[in-house]
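Engineer: Mapping to the UniProt record's numbering: the sequence shown position 53 is 53, numbers consecutive.
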Amino acid sequence: MVRSRALQLWTRLARSAQIPLAFIHNGLIRDAGCRLMDKSSAILQLSADDLASELNRLKAERVQLKKNNPEYDSVKAAMNEWATIKNEIMDCVNETIEVMQSDKRRRRRVDGDDDERAERESGTSGADGFVRSTSTGSD
């Protein structure tokens with residue numbers, strides 16, 4: 001019964017914010033967690049309630065900190081701005097890549113046409129792809 005009453009008092013003090021946070025985090029949560037292994041149902045119930053209330057308080061405190069954090073708004077604005085800039089950059093990069101690829105294909109076609117023209121002018125290759133001799137046949 002003493003353990004049960006002690007946990008009730010600690011829980012009441014923790015809920016009314018009369019216990020320093022460092023003590024709650026370092027000692028009370030650890031001790032309440034150990035009490036979850038106790039065989040007494042009243043102590044088990046109080047330990048679970050104590051841990052649940054502390055977790056809920058921490059969750060509410062975290063939400064409150066996120067709301068009141070002055071950096072939160074500036075970070076959120078920067079993230080939105082980055083998303084816009086990122087899309088513009090990606091569009092520009094993709095467009096540049098497409099232009100470079102089309103230029104490369106065009107150069108290949110032009111180089112291929114120049115090679116065919118040079119072969120035709122030198123008489124070493126015909127339209128049928130066979131190599132022709134340029135000798136006069138006076139051997």
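Idealized CB from N, CA, C, for every residue including glycine.
Under 8 Å, do LYS12 and SER53 count as touching if we go by C-beta distance?
Structural biologist: Along the sequence shown, read from residue 1 onward, the residue named residue 12 stands at position 12. Along the sequence shown, read from residue 1 onward, the residue named residue 53 stands at position 53. A quick correction: the sequence has Arg, not Lys, at residue 12. Contact: no.
Engineer: Alpha carbon to alpha carbon, how far is GLN101 from ASP139? Give it in angstroms, no decimals.
Structural biologist: Within the sequence shown, the letter at position 139 stands for residue 139. Within the sequence shown, the letter at position 101 stands for residue 101. With a pLDDT of 48 at ASP139, under the threshold of 50, the modelled position of this residue cannot be trusted; read the value that follows with caution. If you take the alpha carbons of ASP139 and GLN101, they lie about 51 Å apart.
Engineer: Are there 16 or more other CB atoms within 10 angstroms of the CB of ASP111, so buried, or fewer, so exposed?
Structural biologist: Working through the sequence shown from its first residue, we reach residue 111 at position 111. So ASP111 counts as exposed.
Engineer: Grab me the residues of ARG62's own chain with a C-beta within less than 7 Å of its C-beta, minus the 5 sequence neighbours each way, in chain order.
Structural biologist: To locate residue 62, count along the sequence shown from 1; it is residue 62. Apart from sequence neighbours up to five positions away, no residue of its chain approaches ARG62 with a beta-carbon distance below 7 Å.
Engineer: In whole angstroms, what separates the C-alpha of ILE97 from that of ARG57?
Structural biologist: Here the question's residue 97 lines up with position 97 in the sequence shown. Here the question's residue 57 lines up with position 57 in the sequence shown. Distance between the alpha carbons of ILE97 and ARG57 is about 53 Å.
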